[in-house]
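Residue numbers (our numbering), protein chains in the order written: chain H, -17 to 117; chain W, -17 to 117; chain G, -17 to 117. Note sheet for the following structure.
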Amino acid sequence: MIHQLEVKTRGKGLYPFTREVAQWVASKKIATGLLTIFIQHTSASLVIQENADPDVTLDLADFFERLAPEDDPHYRHTTEGPDDMPAHIRSALTQTSLSIPVMDGRMALGTWQGIYVFEHRSGPQRRNVVLHLLG
Amino acid sequence: MIHQLEVKTRGKGLYPFTREVAQWVASKKIATGLLTIFIQHTSASLVIQENADPDVTLDLADFFERLAPEDDPHYRHTTEGPDDMPAHIRSALTQTSLSIPVMDGRMALGTWQGIYVFEHRSGPQRRNVVLHLLG
Amino acid sequence: MIHQLEVKTRGKGLYPFTREVAQWVASKKIATGLLTIFIQHTSASLVIQENADPDVTLDLADFFERLAPEDDPHYRHTTEGPDDMPAHIRSALTQTSLSIPVMDGRMALGTWQGIYVFEHRSGPQRRNVVLHLLG
């Protein structure tokens, strides 16, 4: 089973969408299976991160800002704006796809795990995510 | 099919558990399939790395220690200890899930590939890993 | 269904092989499914990246060259050459496996997404990649 959803972002940062995914999985009434989450972009990515203290996702975004900064003079690819090449690097360092087992009808996430779109561009975007569920 | 296992860790570093996974896969007598390995934490992660020279995993752990150090004054999230925010960063840079095809009844690993829990916290932990096998 | 392919590399850099994968998937005539791509190495990896401007993959390779340089005196593991330990690090920072949903008989890639082997060794290599398709 396939489901497509759109995550609207408003600049760099992590956007949780665990609830939307969980609701779709629950609606499928599958006891045991495998969920795949795939983002159809190379300047935004996926991460599973702590869902408790919001400082964690702020610190995480800041770390990637320092690791692959906008103003690096090494970049050749600058025509799409100063945030584009760092966005590709940050995407390569995180995930384009996630695989999550389904147990007892729900994702087998740990207590503190949330699912996020990690937006790497500065402007607002609509990010397309494909969910695939095997029962 | 689902299986849950616990990997006990004793501080930062890489802990191999290829054998436990291989034994479970072998017991299922599936010729061709797909194995998913999922760790239910955001301060420990999964990596596939060289299983021959133990210096590789030591160097790898050291690299991450330098890349996301404990004493970075930028971190907001410090209440869970100096090792916690670096642990989240290192998890985001590595894997929460791994997908490994099964061929001829066993994981299609290369000769030098081993499966590791990458522990990012300083103290001992019990890490929950979920295995899912589709035949 | 399983398929094995070999990607020949000629030194560090990103080598596209989207077409080979797409052709195999198309030949299987599966409307909806899940494709897994697995590389059987720890000194080369997989990434999904932009397929339009070739400067992106050049900049990406350069970034990893700076992030995990060859001449880092911290490395213990040096017997396989100065490019080997950086290769393991760069592999750990990118992907050993990718999961891509199949919709309408083809991979659900975004418009700008291409699939690459990311070669981290200096010399020519033959890299073994396993494709697994569930329908």
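Cβ coordinates follow ideal geometry from the N, Cα and C atoms, glycine included. In this text, all values refer to a predicted model and were calculated from it rather than measured experimentally.
Closer than 7 Å to chain W by CB, residue i
i	result
VAL(-11)(G)	no
VAL111(G)	no
ALA26(H)	no
THR14(H)	yes
ARG58(G)	yes
HIS(-15)(G)	no
MET85(G)	no
VAL38(H)	yes
VAL29(H)	yes
ALA74(G)	yes
Where the beta strand (DSSP E) through residue i begins and ends
i	result
ARG48(H)	Not the beta strand (DSSP E): ARG48(H) falls in the alpha helix (DSSP H), residues 36 to 49.
ARG(-8)(G)	-16 to -8
HIS114(W)	106 to 116
SER81(G)	79 to 85
PHE22(H)	The sequence given here has Gln at residue 22(H), not Phe. Segment: none, GLN22(H) is in no beta strand (DSSP E) and carries neither H nor E.
GLU101(H)	95 to 101
Outcome for residue i when other beta-carbon atoms lying within 10 angstroms are tallied against a minimum of 16
i	result
GLU101(W)	buried
PRO83(H)	buried
THR61(G)	exposed
ARG1(G)	exposed
GLN5(H)	exposed
ALA149(W)	Because chain W is modelled from -17 through 117, residue 149(W) falls outside the range shown and cannot be assessed.
ARG72(G)	buried
ASP41(W)	buried
GLY15(G)	buried
Bounding residues of the alpha helix (DSSP H) (the contiguous stretch that carries residue i)
i	result
ALA8(G)	0 to 9
SER73(W)	66 to 75
Proximity of residue i and residue j at Cβ, strictly below 7 Å
i	j	result
VAL38(H)	ILE97(H)	no
SER79(W)	LEU80(H)	yes
MET67(W)	HIS59(W)	yes
LEU115(W)	LYS10(W)	yes
ILE12(G)	LEU113(G)	no
GLN95(H)	THR93(W)	no
SER104(H)	ASP44(H)	no
MET89(W)	VAL29(W)	no
ALA50(W)	VAL99(W)	no
MET85(W)	ILE21(G)	no
Interface flag, residue i vs chain H, CB-CB below 7 Å
i	result
ASP53(G)	no
SER81(G)	yes
MET89(W)	no
TRP6(G)	no
LEU42(G)	yes
Chain G contact for residue i (CB, 7 Å cutoff)
i	result
PHE20(H)	yes
Quiz item: Is it true that the region -17 to -10 of chain G meets the region 97 to 116 of chain G, where meeting means three or more beta-carbon pairs spaced less than 8 Å apart?
Solution: yes
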